[in-house]
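Residue numbers (the working numbering): 462 to 791.
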């Protein structure tokens, strides 16, 4: 079983991972004129300001700048300012995007904080939390990488501005995955290295922002495919034949107590203390490949996160989810 868990653990490391950063001293101000009249030259000036503010001037070359995108939302919760904050995405290629937040002040934008460094940012949206009087910044990120497999994934990652601790990660969930691996990677004892496996997920994601606690409703469409007798090289997509598929329906909701998005709540049996349940690992497409672990990603009151089996949890609020299996043959 340990050999089978490495794919899941590697993926969860991505889910657990998040970016927070401190606020750096500002020199050149980002102006409203630059934002409203953005052109090729202004994009370089905006990118320069973002790199200076986030302390990344020595990391990037402005000659590699690809695109600057500006999004408007209520980041810092200052209702008196009467104008929206801006979140600026500065892209230097498919694996390098810097995102920072600013708030209006006269004719300039004051630097608020560093939301993080991402792979490719496809979109940024803002989900209001009425009880906080501000928005959660939702970054849609596509990561083309190897995480225990040839994997491409798209994630929704949420960040909340806190005056004491800058931006904290409050949501991390995949909405698309395509991963391919050879079964011998999970089981080195196999004599035949020719069996390649693929899993896919494409999710419909819908936000419900009515009321005080916004919800993210996910419908995950998943498939499991196999390509046999193809040799040691990664086979073409046409070689894969679908073996099984399913639909998983999940609800992720805002918790005022935990100040983040969760799927449920429980008591950790060994400590007797409450924990927030963030992810049901079995709801990922890897379960179709037989990598079923009956495991949850949880967060404790001290902010630490860990994978725990279900038998270590005593549910106080079970997740709202359904699994519709149309065919299962791992």
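For glycine and all other residues, C-beta sits at the position ideal for the given N, C-alpha and C.
Here the structure is a predicted model, which is why all the values come from computation and not from measurement.
Let me check one thing: in DSSP terms, what residues is residue 563 bridge-paired to? Here the question's residue 563 lines up with position 102 in the chain shown. Paired residue(s): 547 and 572.
In the DSSP assignment, find the alpha helix (DSSP H) that holds residue 502 and state where it starts and stops. Stepping through the chain shown from its first residue, residue 502 is reached at position 41. Segment 501–514, the alpha helix (DSSP H) holding residue 502.
List the residues that DSSP assigns as beta-bridge partners of residue 761. Stepping through the chain shown from its first residue, residue 761 is reached at position 300. Looking at the DSSP assignment, residue 761 forms no beta bridge with any residue, so it has no partner.
DSSP three-state call for residue 752: helix, strand or coil? As a working mapping, residue 752 is identified with position 291 in the chain shown. The answer is coil: DSSP assigns residue 752 none of H, G, I, E or B.
Taking Cβ positions, are residue 711 and residue 723 nearer each other than 8 Å? In the chain shown, counting from the first residue as 1, residue 711 sits at position 250. In the chain shown, counting from the first residue as 1, residue 723 sits at position 262. Taking 8 Å as the Cβ cut-off, residue 711 and residue 723 do not qualify as a contacting pair.
Determine the DSSP secondary structure at residue 497, reduced to helix, strand or coil. For the purposes of this step, residue 497 is taken as the residue at position 36 of the chain shown. Reduced to three states, the DSSP call for residue 497 is helix.
When we look at the beta-carbon of residue 483 and count the other beta-carbons within 10 Å, is it buried (16 or more) or exposed? Against the chain shown, residue 483 aligns to sequence position 22. Note on residue 483: pLDDT 35, under 50, position unreliable in the model; the coordinate value appears next. Counting Cβ neighbours within 10 Å, residue 483 comes out exposed, since fewer than 16 surround it.
With a 10 Å radius around its C-beta and 16 neighbouring C-beta atoms as the bar for buried, classify residue 699 as buried or exposed. Walking along the chain shown from the start, residue 699 turns up at place 238. Around the C-beta of residue 699, fewer than 16 other C-beta atoms lie within 10 Å, and the residue is accordingly described as exposed.
Would you please state the rounded distance, in angstroms, between the beta carbons of residue 618 and residue 559? I believe it to be under 8 Å. Start at 1 with the first residue of the chain shown, and residue 618 comes out as number 157. Start at 1 with the first residue of the chain shown, and residue 559 comes out as number 98. Not confirmed; about 14 Å, so no contact.
Exposed unless 16 or more other CB atoms sit within 10 angstroms - verdict on residue 522: Walking along the chain shown from the start, residue 522 turns up at place 61. Answer is exposed; the Cβ neighbour count stays below 16.
Tell me, to the nearest whole angstrom, how far the beta carbon of residue 708 is from that of residue 682; I am working on the premise that it is less than 8 Å. Counting from one through the chain shown, the residue named residue 708 turns up at place 247. Counting from one through the chain shown, the residue named residue 682 turns up at place 221. With a contact defined as Cβ atoms closer than 8 Å, residue 708 and residue 682 qualify at about 6 Å.
Pull the bridge partners of residue 714 from the DSSP assignment, please. As a working mapping, residue 714 is identified with position 253 in the chain shown. According to DSSP, residue 714 bridges with 676 and 723.
Drop a sphere of 10 angstroms on the beta-carbon of residue 553, count the other beta-carbons inside from all chains shown, and report buried for 16 or more, exposed for fewer. Within the chain shown, the letter at position 92 stands for residue 553. By the 10 Å Cβ count, residue 553 comes out buried.
Assign residue 593 to one of three DSSP states: helix, strand, or coil. Working through the chain shown from its first residue, we reach residue 593 at position 132. Note: residue 593 maps to coil in three-state DSSP.
Mapping the DSSP letters down to three states, classify residue 557 as helix, strand or coil. As a working mapping, residue 557 is identified with position 96 in the chain shown. The answer is coil: DSSP assigns residue 557 none of H, G, I, E or B.
Where does residue 487 sit, in a helix, a strand or coil, going by DSSP? Against the chain shown, residue 487 aligns to sequence position 26. In this predicted model, residue 487 has a pLDDT of only 39, less than 50, meaning its place in the structure is not dependable; the value taken from the coordinates is given anyway. DSSP, read as helix, strand or coil, puts residue 487 in coil.
Classify residue 669 as buried or exposed, calling it buried when 16 or more other Cβ atoms lie within 10 Å of its own Cβ. Numbered from its first residue, the chain shown carries residue 669 at position 208. Exposed, because fewer than 16 other Cβ atoms sit within 10 Å of the Cβ of residue 669.
Report the option in 714, 694, 695 and 686 whose CA atom is closest to the CA atom of residue 701. The residue you call residue 701 lines up with position 240 of the chain shown. For residue 701, the nearest C-alpha among the options comes from 686.
With DSSP collapsed to three states, give me the class of residue 706. In the chain shown, residue 706 corresponds to position 245, counting from 1. Looking at residue 706 - three-state DSSP - the assignment turns out to be strand.
Residue 677 beta carbon less than 8 Å from that of residue 727: Your numbering for residue 727 matches position 266 in the chain shown. Your numbering for residue 677 matches position 216 in the chain shown. Against a cut-off of 8 Å, the Cβ pair of residue 677 and residue 727 comes out as no contact.
Give me the DSSP bridge partner(s) of residue 792. With the chain covering 462 to 791 only, the question about residue 792 has no answer from this structure.
Give the secondary structure of residue 731 by DSSP, where H, G and I count as helix, E and B as strand, and everything else as coil. As a position in the chain shown, residue 731 is number 270, starting the count at 1. Of the three classes helix, strand and coil, the one that applies to residue 731 here is coil, per DSSP.
Evaluate residue 504 with the Cβ neighbour count: other Cβ atoms within 10 Å of its Cβ, from every protein chain shown; 16 or more gives buried, anything less gives exposed. The residue given as residue 504 occupies position 43 in the chain shown. By the neighbour-count definition (other C-beta atoms within 10 Å, threshold 16), residue 504 is a buried residue.
At least three beta-carbon pairs within less than 8 Å, the region 562–571 to the region 585–596: no
Could you tell me if residue 765 is buried or exposed, where buried requires 16 or more neighbouring beta carbons within 10 angstroms of its beta carbon? Here residue 765 refers to the residue found at position 304 when the chain shown is read from its first residue. Per the 10 Å Cβ criterion, exposed.
Tell me the DSSP secondary structure of residue 539 in three-state form. Reading the chain shown from its first residue, position 78 is the one you call residue 539. Reduced to three states, the DSSP call for residue 539 is coil.
Residue from 583, 613, 600 and 538 whose Cα sits closest to the Cα of residue 594: Position 133 of the chain shown, counted from the first residue, corresponds to residue 594. Cα-wise, what sits closest to residue 594 is 538.
Coil, strand or helix - residue 552 by DSSP: Here residue 552 refers to the residue found at position 91 of the chain shown. In the three-state DSSP reduction, residue 552 falls in the strand class (E or B).
Taking residue 640 as part of the beta strand (DSSP E), name the residues at either end of that continuous run. Translated into positions along the chain shown, residue 640 becomes position 179. Run containing residue 640: 627–643, per the beta strand (DSSP E) assignment.
Alpha-carbon to alpha-carbon, residue 624 and residue 485: Indexing the chain shown from 1 puts residue 485 at position 24. Indexing the chain shown from 1 puts residue 624 at position 163. Unreliable positioning characterises residue 485 in this predicted model, as indicated by a pLDDT of 34, which lies under 50. The coordinate reading is nonetheless provided below. When rounded, the distance between both Cα atoms is 14 Å.
For the beta strand (DSSP E) that contains residue 775, what are its first and last residues? For this step, residue 775 is matched to residue 314 along the chain shown. 774–778 is the extent of the beta strand (DSSP E) around residue 775.
Can you give the beta carbon distance from residue 561 to residue 575, rounded, assuming they're within the 8 Å contact cut? Reading the chain shown from its first residue, position 100 is the one you call residue 561. Reading the chain shown from its first residue, position 114 is the one you call residue 575. Contact flag correct, Cβ pair sits at about 5 Å.
Span of the beta strand (DSSP E), counted from its first residue to its last, around residue 418: Nothing can be reported for residue 418, as the shown portion of the chain is limited to 462 through 791.
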